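Residue numbers (our numbering), protein chains in the order written: chain A, 2 to 307; chain B, 513 to 808.
All residues carry an ideal CB built from backbone N, CA and C; glycine is no exception.
None of the values given here were measured: they were computed from a predicted structure.
The structure appears below as structure tokens.
Structure, rendered in structure tokens:
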């Protein structure tokens with residue numbers, strides 16, 4: 002057990018190391034990093050000053066050491082545009098992203114779980130096929146286009162919902178739906194397959210043999226156990242949502258992390274772009290580690306296997 | 513995993529006759545893809561206007577069937593007066609080229625690494641799989657944005673970036689297949705016969721994983737096209753004024769609030785049709801060609 006967790010933590014650190022190395026090398030291999038660190042239109046003398054200031058004239062391994070050291074101490078550089086540390090900006094925007102992700106998750110679970118159960122209970126029948134079509138649509142429609150069409154209908158034609166910005170619950174509905182839509186399909190698929198697996202298990206057969214009503218078998222015995230993988234995926238996806246919301250947040254001018262990244266791109270504000278990507282990658286590595294350890298604690302089969 | 517039962521299962525489900533009779537063949541999706549390919553190839557002859565030249569005098573013209581529309585600009589014009597139909601037609605070319613090329617790059621990297629990793633095993637396998645896992649853990653879109661922001665927007669850059677971000681799934685799946693192929697008789701016989709490792713990987717393993725690679729490629733095509741559209745929409749994809757569907761959506765935002773729906777709905781429909789078709793074809797191929805991938 003201890004050995005398993007230690008190894009998992011080791012792998013996570015390796016992942017973080019590879020992530021940082023990738024970002025570090027990409028910036029340096031694809032051009033002059035100084036040109037990304039100065040504001041557009043800076044003079045050659047400024048560039049040289051920046052190179053010395055950020056140690057870009059030193060050997061690569063020294064640079065990498067400084068790069069890591071500054072990240073570990075929480076220094077992600079300063080935004081050119083806002084003139085404040087990237088980390089401060091990140092934490093300013095994080096609550097908005099969390100609200101959006103949580104609402105989108107609620108949408109996706111409210112749609113995904115019932116339709117997944119329905120598809121599993123009526124496997125091969127109408128609802129199952131309808132679910133398949135729905136899942137395929139979810140995976141095929143770009144979320145930002147869903148957002149744009151929603152704006153067209155609910156803001157422009159009907160005038161019911163505000164098209165952009167934040168502040169009230171009405172601002173939240175459309176971006177959350179556009180973001181949750183894609184994940185609803187994924188959650189539906191997993192609910193369906195997990196439910197099918199549970200419905201074929203011995204204890205469900207036993208519950209049926211006992212003569213329990215079908216609604217009870219499905220609702221109480223099968224559903225609870227089928228939900229475990231879905232909840233796990235939802236947990237991981239919540240973190241993923243924060244990091245893939247960039248397009249949806251751009252469409253709706255929602256002031257979250259994604260919007261911050263978009264501003265970073267349009268203003269050529271490199272420290273912001275780098276910071277958002279580094280934190281996002283680290284977040285996902287961490288949540289995967291957390292889930293793996295949690296599973297090992299709950300399910301002894303996993304630690305025995307290793 | 514009981515390796516010996518795999519071929520039996522595969523043979524039972526792979527029925528060549530049914531395959532060629534085309535049971536459940538997704539005819540409409542294939543026709544749509546062929547149509548898009550046709551339009552992409554012959555865009556120069558099909559497009560009624562130059563997709564990159566407009567005139568402010570005729571901006572925001574609605575489609576022909578709406579009031580104020582004309583047959584000259586069948587699907588209307590955009591915010592600088594460019595013909596939407598022509599831009600959609602040339603946009604098909606961008607999507608096709610970027611989509612296919614990126615999938616090819618991703619497939620080549622992923623398949624080669626998967627074969628090498630699975631066949632050689634040992635520390636090579638460890639290194640490749642650790643890198644794959646790390647790459648897989650990153651949010652692909654964010655990472656693609658990051659890379660695109662560094663190298664700057666161009667079609668070639670997008671292809672390389674998308675290929676570099678999406679090879680991981682190939683590597684994982686192909687490696688898994690190679691692990692079971694490695695234990696099969698024909699590979700063992702090839703080893704006994706004294707074939708070099710390179711020859712075995714190239715001549716004996718590769719042809720056997722190519723089916724899976726094709727299935728994955730079809731399924732990836734949709735993902736790649738959506739990502740390209742997202743990047744273009746954000747301004748780090750195909751550089752303007754090139755006609756790309758994602759760019760058209762970004763431009764369409766300028767007319768969205770006043771209800772110029774054709775600028776938003778039409779490019780999105782094109783993306784949706786192409787991605788949906790690719791997914792349906794991929795699903796069918798997966799079941800037909802490669803029963804082992806069904807659980808994917």
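- Query: So which residues of chain A does residue 783(B) contact, with C-beta pairs closer than 9 Å?
  - Reply: Here residue 783(B) refers to the residue found at position 271 of the second chain. Within chain A, the residues near residue 783(B) are 141, 142, 143 and 146.
- Query: Nearest CA to the CA of residue 23(A): which residue from 677(B), 608(B), 722(B) and 790(B)?
  - Reply: Within the first chain, the letter at position 22 stands for residue 23(A). Checked all of 677(B), 608(B), 722(B) and 790(B); the closest Cα to residue 23(A) is 677(B).
- Buried/exposed call for residue 270(A), threshold 16 Cβ in 10 Å: Locating residue 270(A) in the first chain gives position 269, where the first residue counts as 1. Residue 270(A) is buried by the Cβ-count criterion.
- Query: When you compare each of 746(B), 603(B) and 566(B) to residue 782(B) by their alpha carbons, which one comes out closest?
  - Reply: Position 270 of the second chain, counting from 1, holds the residue named residue 782(B). Comparing Cα-Cα distances from residue 782(B) to each of 746(B), 603(B) and 566(B), the minimum goes to 603(B).
- Identify whether residue 578(B) lies in helix, strand or coil by the three-state DSSP scheme. Stepping through the second chain from its first residue, residue 578(B) is reached at position 66. In this structure, residue 578(B) counts as coil in the three-state DSSP scheme.
- For residue 93(A), name the three-state secondary structure that DSSP assigns. Locating residue 93(A) in the first chain gives position 92, counting from the first residue. The answer is helix: DSSP assigns residue 93(A) an H, G or I state.
- Do residue 297(A) and residue 5(A) come within 8 Å of each other at the CB atom, strictly closer than that value? For the purposes of this step, residue 5(A) is identified with residue 4 of the first chain, where counting begins at 1. For the purposes of this step, residue 297(A) is identified with residue 296 of the first chain, where counting begins at 1. Result yes, Cβ atoms of residue 5(A) and residue 297(A) sit closer than 8 Å.
- Listed in chain order, which residues of the segment 734 to 767 of chain B have Cβ atoms closer than 8 Å to some Cβ of chain A? Under the 8 Å Cβ criterion, the segment 734 to 767 of chain B contributes 734, 738, 741, 742, 745, 746, 747, 748, 761, 764 and 765.
- Compare the C-beta of residue 199(A) against all C-beta atoms of chain B and say whether one is closer than 8 Å. Position 198 of the first chain, counted from the start, is the residue given in the question as residue 199(A). Not closer than 8 Å to any Cβ of chain B, the Cβ of residue 199(A) fails to qualify, so no.
- Compute the Euclidean distance between the alpha carbons of residue 97(A) and residue 256(A), then round it to the nearest angstrom. As a working mapping, residue 97(A) is identified with position 96 in the first chain. As a working mapping, residue 256(A) is identified with position 255 in the first chain. If I take the Cα positions, the gap works out to 6 Å.
- With a CB to CB cut of under 7 Å and the five nearest residues on each side skipped, what residues in its chain are close to residue 230(A)? Stepping through the first chain from its first residue, residue 230(A) is reached at position 229. Excluding sequence neighbours, residue 230(A) sits near 191 and 195.
- residue 158(A) versus chain E: which residues are under 8 Å apart at the beta carbon? No chain E is part of this structure, whose protein chains are labelled A and B.
- Output the residue ranges of the beta strand (DSSP E) runs that lie fully inside the segment 125 to 177 of chain A and measure 3 residues or longer, sorted by chain position. none
- Item | Contact belief for residue 759(B) with residue 587(B) at Cβ below 8 Å, rounded distance in angstroms | Numbered from 1 along the second chain, position 247 holds the residue referred to as residue 759(B). Numbered from 1 along the second chain, position 75 holds the residue referred to as residue 587(B). No, residue 759(B) and residue 587(B) are not in contact; Cβ-Cβ is about 16 Å, not under 8 Å.
- Any contact of the segment 741 to 760 of chain B with the segment 711 to 719 of chain B, i.e. 3+ C-beta pairs under 8 Å? no
- Task: Using only alpha-carbon positions, find the residue among 19(A), 103(A) and 209(A) that is nearest to residue 176(A).
- Result: Position 175 of the first chain holds residue 176(A). Cα-wise, what sits closest to residue 176(A) is 103(A).
- Item | residue 646(B): contacting residues in chain A (beta-carbon distance under 7 Å) | Numbered from its first residue, the second chain carries residue 646(B) at position 134. At a C-beta separation below 7 Å, residue 646(B) has these neighbours in chain A: 16, 19 and 20.
- In angstroms, rounded to a whole number, what distance separates the CA positions of residue 261(A) and residue 563(B)? In the first chain, the residue the question calls residue 261(A) occupies position 260. In the second chain, the residue the question calls residue 563(B) occupies position 51. Taken atom to atom, the span from the alpha-carbon of residue 261(A) to that of residue 563(B) is near 32 Å.
- Item | Under 8 Å between C-beta atoms of residue 682(B) and residue 725(B) | As a position in the second chain, residue 682(B) is number 170, starting the count at 1. As a position in the second chain, residue 725(B) is number 213, starting the count at 1. In this structure, residue 725(B) lies closer than 8 Å to residue 682(B) by Cβ.
- Task: For the segment 223 to 241 of chain A, enumerate the residues whose C-beta is nearer than 8 Å to any C-beta of chain B, in chain order.
- Result: The segment 223 to 241 of chain A vs chain B, Cβ under 8 Å: 241.
- Message: What ranges does the alpha helix (DSSP H) occupy inside the segment 733 to 781 of chain B, keeping only unbroken runs of at least 4 residues that lie completely in it?
- Response: 757 to 768
- Message: What does the alpha-carbon distance come out to for the pair residue 738(B) and residue 208(A)?
- Response: Stepping through the second chain from its first residue, residue 738(B) is reached at position 226. Stepping through the first chain from its first residue, residue 208(A) is reached at position 207. Taking the straight line joining both Cα atoms gives about 45 Å.
- Task: Please decide whether residue 657(B) counts as near chain A, where near means a Cβ-Cβ distance under 8 Å.
- Result: Walking along the second chain from the start, residue 657(B) turns up at place 145. Judged by the 8 Å Cβ criterion, residue 657(B) is in contact with chain A.
- Could you tell me how far apart the beta carbons of residue 144(A) and residue 248(A) are, in whole angstroms, since I believe they sit closer than 8 Å? Here the question's residue 144(A) lines up with position 143 in the first chain. Here the question's residue 248(A) lines up with position 247 in the first chain. Correct: roughly 6 Å between the Cβ atoms.
- Task: Within the same chain, show all residues whose beta-carbon is closer than 6 Å to that of residue 580(B), passing over the 5 residues directly before and after it, in chain order.
- Result: Here residue 580(B) refers to the residue found at position 68 of the second chain. So the list reads 574, once near-sequence residues are dropped.
- Does any C-beta atom of chain A lie closer than 8 Å to the C-beta of residue 787(B)? The sequence position of residue 787(B) within the second chain is 275, counting from 1. At least one chain A Cβ lies under 8 Å of residue 787(B).
- Task: Sort out for me which residues DSSP pairs residue 86(A) with in a bridge.
- Result: Working through the first chain from its first residue, we reach residue 86(A) at position 85. According to DSSP, residue 86(A) bridges with 79(A).
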